[in-house]
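Encoded as structure tokens, the structure appears first; notes follow it.
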Amino acid sequence: MAPRVQLEKAAWRWVESVKPEEIKQEHIELAYRINLPACKRGACRRNCRGNPNCLVGIGEQAWLGEIDENVFHNIDDPNSERR
Numbered sequence: 004m005a006p007r008v009q010l011e012k013a014a015w016r017w018v019e020s021v022k023p024e025e026i027k028q029e030h031i032e033l034a035y036r037i038n039l040p041a042c043k044r045g046a047c048r049r050n051c052r053g054n055p056n057c058l059v060g061i062g063e064q065a066w067l068g069e070i071d072e073n074v075f076h077n078i079d080d081p082n083s084e085r086r
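Heads up: the sequence shown at position 47 corresponds to 50 in our numbering, and the numbers run straight through without jumps.
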């Protein structure tokens, strides 16, 4: 079984033994893996899919890619770009 599938099953294992009316905050945190520790810098090559607290690769592609300055200067109508 793939590691990601094992993580997913482990996070939701409590569902088999807990009744819906007995669900507490700790069960929700287990399901969404809120209490997992953040990954240490250098341990991951990119952001982990199984750990929502892994901040290793967030925004990496945007920062490491080339910036095309012409995109900002070639706007026909600046008012159309306003939010």
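Every residue gets a Cβ at the ideal spot worked out from N, C-alpha and C, and that includes glycine.
Closest by CA to residue i, which one among the options?
i     : options                       : result
Arg36 : Arg16, Ser20 and Glu25        : Arg16
Ala41 : Asn54, Glu32, Val21 and Glu19 : Asn54
Gln9  : Asn82, Arg52, Glu25 and Asn56 : Arg52
Glu32 : Arg7, Asn56 and Lys43         : Asn56
Just confirm the distance between the C-beta atoms of residue i and residue j, as a whole number of angstroms; I'd bet it's less than 8 Å.
i     : j     : result
Ala14 : Ala34 : 6 Å
Looking only at its chain, what residues have a beta carbon closer than 7 Å to the beta carbon of residue i, apart from the 5 residues adjacent to it on each side?
i     : result
Leu58 : Ala41
His30 : Trp17 and Val21
By Cβ distance below 6 Å, which residues in the same chain neighbour residue i in space, the five residues on each side in sequence not counted?
i     : result
Leu39 : Asn54 and Asn56
From which residue to which residue does the alpha helix (DSSP H) around residue i run?
i     : result
Glu25 : First-last for Glu25: undefined, no H or E at that position.
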